[in-house]
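Under full-length UniProt numbering, the letters of the sequence shown match residues 1 to 890, in that order. Let me begin by presenting the structure, written as structure tokens, before commenting on it.
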Amino acid sequence: MYNFSLDYYLIVVEEFVHLSDPESYAGRSSFTPSRATQARQQPAAISPRLMSLRMCLSTGYVTLISAYAPTLTSTPESKDDFYLQLSELLHNIPAGDGIILLGDFNARIGSDCSAWKNVIGPHGVGRMNDNGQRLLELCASYNLCIANTFFAGSVRSKVTWKHPRSQHWHQLDHIIVRQRQLRDTTHCRSLHSADCNTDHALVRCKLRLLLKKFHRATHRPLPAIDTVSTHDISHVTQFQELLSGNFSSAPISANPEGAWSRFRSVVYNSAVSAFGRCSRKQPDWFRDSADILLPAPENKRSARNKCRLINTRSSKAALRAAKSTVQRLTRAALQRYWSHLSDRIQRCADSGDLRGLYQGIKEAIGPTPKKSAPLLSSTGAILTDQTAQLDRWVEHYSSLYNSDAALPILKEVDNSITLEEVKHAINGLKNNKAPGTDSIPPEVIANRILPESQCGFRPSRSTVDMVFSLRQLQEKCVEQRRPLYMVFIDLTKAFDNVSRSGLFSILKRLGCPDRYLSILMCFHDDMHATVQFNGSRSAKFEVRRGVKQGCVLAPTLFGIFFSALLHRAFPEPSGILLHTRSSGNFFDLSRLRARTKIRHVLIRELLYADDAAIVAHSADELQHLCNSFASACSEFGMIISLGKTMVLSQGPGPPPMITINGTPLSVVNKFQYLGSTVTSTNSLDTELDSRIGRAATTFGRLRARVWDNRALSIKLKIRIYVSCVLSVLLYCSESWPTYRRQERRLNAFHFRCLRSILGISWQDRVSNPAILELTGVNDMFTLLSARRLRWSGHVCRQEDGRLPKDIFFGELAHAHRPRGRPKIRYKDVLKRDLRTFRIPVTSWQTVVQDRTRWRSAVHLGRSASSAAYIADCENRRAARHRATSSYSTG
């Protein structure tokens, strides 16, 4: 150990528990100092598998934990017992202590750093197993990261153990630290040259434990005005009086700059005098009930002082009553705050308001430390001077907002509508739809402005529409054995690179009134901006490109601009052809054989704001579409981020070679599309890894504020769990055609969370049906089925022509199904859900048209599905008892 310069090393000893049972192992671990250190405390033995040591450093404390986890073949009870003890040990460590958790975890964690963000680094090895998922869930719950995976090196420097039969190397030994400690971890690797007389390799981690803090003085901006007081009528009246008096007494300036300075000064000073300044923010739950809570601590303080002066029974009783009042009011305030917050989050989740949903979850999690990186100059040098940093920000934004388009704006956009465009609009009309008195159908203008494939910033559309459409397209290509090629295009600063002259020309061509167009032009002309950095404000610089950030017009203007770009890029019909029909029995494919009743739908792009996915059946066709789109982007001044643009292919054959402007694009096996992971095999396993990882992280970040908060009731904690954790876990689950094994995996995570909230471990022998009865929530099988049925009803009620409905009810036009059973499809899972919820398969399409009847049917079906799950659990439990009894008697 001395040759490797180790201050501390961990020894893990594996031994038999019972000589008669060679399958039962136990482990013992110990810390051994190799040289004199300042820490004189003795290690504390938690169990035969766990040991801890708290060391005092010059900058605080750090807790070292040695661990030896059960093997993969161990019983689930032994695994649950180990991770329960380790979780309790981590929970009792003070928040300010550093953590170094190291040992043999017998866990393969894999290399999917996107699913377990901030837990696994970019240099993992292999694939995850069951022990690995347990370890990753624990790390996500306590904001820990596995240091082995954050440092590059050869595969040999990462693996630690070789399987005796397969002779494959795996990474089973890990060193785990807090995420904030990763900046103090300089290197971590395995050393196979160490002679330790074991089949495991030595793992060495180098850390900087002597930390140094830098304090920097910052310039304070003007105090913010207390906007809460603006709802008080008396304050508003006072503000109006001050405003009138200050304007009459302030000197009048002739030039516009002086007039603006006078206006700004008078309004700000009057507002500060009337409404006051923002005070230091109180805890969120305290701020909402401050009027009720503030007198209670004062009364308790007075009662304590009185008890100190006059120590009588009455004074002691008064002190106890005052303490009880503080506790009662505090618990009531916490209950009110979390109840309102969980209701708001649940309403957003039910209505599809993703922005409100994640804002509520962010508020529930609480403040997080902000991360910052060194600011670099244009040449790559680190800038330390504040003036130079501010100038660098001005340089960056000036180049961003004032860059010229690669090519001049096309003059032909101002020309009259051509005959070809009229023909294209007529071909796009729906059958049996009469125009108005002006003989111009509204579909002409609608199709020319926003295509059906655009779901961003439009009512009654969300990211689920696009994710569902893409998964359905993948599923039908797999079912009918047709290849599918997709390119996910990322535009650099799309809203900031909009050419204003081109935008105004497009609006004029679309028939925008001259007066309204003049207002828009004046609204964007002569626009300037400043940069505020560390309390300092830069000089003004001109902004000649882009739409206004935060403006209500910006999404609409960008949508029009981007739609014009698509019309320019794809003048000819191309893409994937489907034929669809919404009438007839959904589960009977013979309805698509009636040629007079089917409609043909061409799918070329899937859009959500500036997120674009282009699809095709062949690599050559996809290359042609990419060339056309790249050419249109150059003409419209948009920039494609080639490093973030990815290609994903599905089907047989080698990976395609797709280029844009001569640069080959990266071909990947998975891609994060609108928050959901799509893969080249259309498998949901990777998506479930990502969702479980994110849900475990959210659950862990709520531990201190919610789960361990004794002032909150169990009922309220369950509501917060449903609104905050389940909404993250089941994001876009409406589009999942899940196998039973995948649903069981989600159900296991679901019950682990519920047991953690209730404080129930496997040792308590509480069954899953009892957990459901205590919490009042449904099992994961019921939750997934209910979400799929609700979404299917929503899609069925959509108008014909909506992209999700056309794909849902259609199939590929020029493809045939091969013989044999296909992979599980969404319609197969939907039929299973209907039967589980006791909804007739033959008449569900009639019921679904009535929103109230369908909601009632799904609600009643949830009870039937939950009852079936509970009965199945009881039957399996009884079967296990019978098997155990017969084994013991035999």
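All C-beta atoms in this analysis are idealised placements derived from N, C-alpha and C, irrespective of residue type, glycine included.
Put simply, of His-192, Ala-152, Cys-145 and Ala-529 the residue whose alpha carbon is nearest the alpha carbon of Ile-175 is Cys-145. Taking a cut-off of 8 Å for Cβ pairs, the stretch 534 to 545 and the stretch 484 to 501 touch, as three or more such pairs fall below it. Counting every other CB atom within 10 Å of its CB across the protein chains shown gives Pro-737 a total of 16 or more, marking it as buried. For Pro-571, the three-state secondary structure derived from DSSP is coil. The DSSP assignment places 670 to 673 and 676 to 679 as complete runs of the beta strand (DSSP E) inside the stretch 659 to 717, in order along the chain (cut-off: 3 residues). Boundaries of the alpha helix (DSSP H) harbouring His-794: 780 to 796, taken from the DSSP string.
In the structure shown, Ala-381 adopts coil according to DSSP, grouped into three states. Considering only Ser-111, Thr-71, Arg-54 and Ala-632, the residue with the shortest C-alpha distance to Leu-89 is Arg-54. Just so you know, the alpha carbons of Ala-619 and Thr-492 end up roughly 25 Å apart. In the same chain as Arg-719, and ignoring 5 residues on each side of it, the C-beta atoms closer than 6 Å to its own belong to Ser-342, in chain order.
Under the 10 Å beta carbon count, Trp-260 is surrounded by fewer than 16 other beta carbons and is classified as exposed. Of Lys-805, Glu-799, Gly-456 and Leu-830, the smallest CA-CA separation from Arg-788 is found for Leu-830. Around Trp-116, the same chain offers Leu-136 and Gly-693 as residues with beta carbons nearer than 6 Å, after the five sequence neighbours per side are excluded. Taking 8 Å as the upper bound for CB-CB distance, Glu-298 and Trp-762 are not in contact here, some 47 Å apart.
A residue is called buried when at least 16 other Cβ atoms come within 10 angstroms of its Cβ; Met-657 does not meet this threshold and is exposed. With a 10 Å radius around the Cβ and a threshold of 16 neighbouring Cβ atoms, Val-552 comes out exposed. Of the residues His-567, Arg-745, His-396 and Pro-451, the one whose Cα lies closest to the Cα of Val-531 is His-396. In this structure, Gln-474 and Leu-484 form a Cβ contact; the two beta carbons are roughly 6 Å apart against a cut-off of 8 Å. A direct Cα-Cα distance of roughly 19 Å separates Arg-882 from Val-766.
When C-alpha distances from Val-62 are compared across Asn-92, Leu-84, Lys-79 and Ile-100, the shortest belongs to Ile-100.
Straight-line measurement puts the Cα of Leu-729 at about 36 Å from the Cα of His-600. Per DSSP, Thr-63 lies in no alpha helix (DSSP H) segment; the continuous beta strand (DSSP E) that holds it begins and ends at 60 to 68. Here Gln-171 really is in contact with Asn-148; their C-beta atoms are around 7 Å apart, less than 8 Å. Distance from the Cα of Asp-173 is smallest, within the candidate group Ser-885, Pro-122, Val-795 and Ser-157, for Ser-157. Lys-362 carries a helical assignment under DSSP once its states are collapsed to helix, strand and coil.
Around the beta-carbon of Thr-698, 16 or more other beta-carbon atoms lie within 10 Å, marking it buried.
DSSP assignment within the stretch 447 to 481 yields the following whole alpha helix (DSSP H) runs of 4 residues or more, N-terminal first: 463 to 479. Ser-680 sits close to Leu-648, with the two beta carbons spaced by under 7 Å. DSSP links Lys-206 through a beta bridge to His-187. By the neighbour-count criterion, in which a residue is buried when 16 or more other Cβ atoms sit within 10 angstroms of its Cβ, Lys-79 is buried.
A contact between stretches requires three or more CB pairs, one per stretch, nearer than 8 Å, and the stretch 792 to 811 meets this requirement with the stretch 832 to 849. Glu-811 places its beta carbon less than 7 Å from that of Lys-476. When the beta-carbon positions are compared, Tyr-68 and Gly-103 come within less than 7 Å of each other. For Leu-138, the uninterrupted alpha helix (DSSP H) run begins and ends at 130 to 141, by DSSP. As for any beta strand (DSSP E) of minimum length 3 sitting wholly inside the stretch 473 to 546, the runs are 484 to 489, 527 to 529 and 541 to 543, ordered along the chain. Non-local C-beta neighbours of Leu-607 in its own chain, meaning closer than 6 Å and more than five positions away in sequence, comprise Ser-453 and Gln-454, ordered along the chain.
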